[in-house]
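Residue numbering for the sequence shown is -22 to -1, 1 to 270, as defined by mature numbering (1 follows the signal peptide of the UniProt record, and there is no 0).
Beta carbons are placed, not taken as given, at the ideal position from N, Cα and C, and that holds for glycine.
Some notes on the structure that comes next.
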Amino acid sequence: MRAISPLSRFLCLTALAGVAQAAFDCRPTIEHKDRKGETRSHFDLQPLSGLRTASKTTETPPTTNEAKVSMTLCGDDVLTIDDKIAEEDQCPPNTKVCLILLNHKSSSSEPSRITAVIPVWSLDTAEADVGLRARSQGEGLDITVNGAEYAGIRQQLQLNLICAKDATSSAPELVSYGDGKLVLTWETPSACETAVDGSDDTSPFPSEKTGGGGFVHFLATMFWLLVVGLILYFAFGIWYNYTTYGAKGVDLLPHKEFWSDLPTLFRDLVSHLSSSIRGSNGGGSRGGYTAI
């Protein structure tokens, strides 16, 4: 028996490791940036595991075209082989998402004719070809997969998981397929962000922030609340003075006397603070006596 060289053993182990890495993690943590700073979004897609199917029919008289999708999302699950169906009518082994196109003529007594069997996502798809993007404001998760070529066209999957707490559908919706791109949409509570510990609370929650982003956001919120409050104050005051007293010009301002005295009050405040600072620096009285 010929011994296996160390280089061959290394290449085999590398290939097996690559296949293992292709298993999809259904509890991903996605780090991204938004206007509030660094954010981490956590998801638990385990309830979406198992075989899921979707289909869409298009009328093309005198025939009907139907597209059928089979999917196993989580882990290293793949579509099983059905011994009752011809091998040429099934997706190859280790396929996670498969698209089958059929054509049927209503006047024909023969069953639907399979025109294409397209493996879109395989277990050996490189990890770099699988992308995840958290939707804004906790609205869900988008999964994109760049698959292998079929009939000279690179296949691509766009799976849009939309956070819908009241959704009851257990299957995705086939939106479209064209030019090698398969688009699926799935409204499900599992697409809502979860807590880091994977608790059952699937409602969207404020994401974690770093670098004091939460405090900055608080200050910005208070600033805009103050601005809106001042606008409402002046608008209501001007309307009241005009409708009640028939005021015009400067007299329209609410509490006109306060605003006219505001510069003087501000100067007095600055002067008082300056005197206090000078006194605390040793320029004032000593020993409790007032300087003369």
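Asked: Under 9 Å between C-beta atoms of Ala94 and Ala126; Found: no
Asked: Meets three-Cβ-pair contact criterion under 8 Å: the stretch 107 to 121 and the stretch 139 to 151; Found: yes
Asked: Alpha-carbon spacing of Ala198 relative to Gly227, whole angstroms; Found: 33 Å
Asked: Beta-carbon separation (whole angstroms), Leu23 vs Cys52, contact threshold 8 Å; Found: 6 Å
Asked: Under the three-state DSSP convention, the category Gly53 falls into; Found: strand
Asked: Exposure of Ile131, with buried meaning 16 or more beta-carbon neighbours within 10 Å; Found: exposed
Asked: Reduced DSSP category for Gly158 - H, G, I as helix; E, B as strand; rest coil; Found: coil
Asked: Start-to-end residues for the beta strand (DSSP E) that takes in Ile78; Found: Thr73 to Lys83
Asked: Residues sharing a beta bridge with Ala112, DSSP; Found: Leu119
Asked: Environment of Trp202 [buried if 16+ CB atoms lie within 10 Å]; Found: exposed
Asked: Pairwise C-alpha distance: Thr35 and Phe196; Found: 51 Å
Asked: DSSP three-state assignment for Ile96, whether helix, strand or coil; Found: strand
Asked: Boundaries (first-last residue) of the alpha helix (DSSP H) holding Ile255; Found: Lys234 to Arg256
Asked: Counterpart residues of His10 in DSSP-defined beta bridges; Found: Thr17
Asked: N-terminal and C-terminal residue of the beta strand (DSSP E) that Ser33 is part of; Found: Leu29 to Thr38
Asked: Inter-stretch contact at 8 Å, needing at least 3 Cβ pairs: the stretch 69 to 85 / the stretch 41 to 51; Found: yes
Asked: Reference His82, options Thr38, Asp102 and Thr73, closest by Cα; Found: Thr38
Asked: Alpha-carbon spacing of Val56 relative to Leu101, whole angstroms; Found: 7 Å
Asked: Ser147 (DSSP reduced to helix, strand or coil); Found: coil
Asked: For Thr50, the nearest candidate out of Arg30, Glu65 and Ala64 (CA to CA); Found: Arg30
Asked: Three-state class that DSSP yields for Ile131 in the structure shown; Found: strand
Asked: Spatial distance of Glu65 from Arg18 (CA atoms); Found: 44 Å
Asked: Pro39 Cβ short of 8 Å to the ligand FMN heavy atom set; Found: By its list of ligands, the structure shown contains no ligand whatsoever, and the ligand FMN lies outside what it can speak to.
Asked: Assigned exposure category for Glu171 - 16 Cβ within 10 Å defines buried; Found: buried
Asked: Presumed contact (8 Å Cβ cut-off) between Ile59 and Pro71, rounded CB distance; Found: 7 Å
Asked: Distance between Phe212 and Asp229 (C-alpha atoms, nearest Å); Found: 12 Å
Asked: Cβ shell of Val153 (< 7 Å), same chain only, five flanking positions each side left out; Found: Val161, Leu162 and Thr163
Asked: DSSP three-state assignment for Glu44, whether helix, strand or coil; Found: strand
Asked: Environment of Trp99 [buried if 16+ CB atoms lie within 10 Å]; Found: buried
Asked: Beta-bridge partners of residue 276, as assigned by DSSP; Found: Any answer about residue 276 is impossible in this case: the structure gives the chain only from -22 up to 270.
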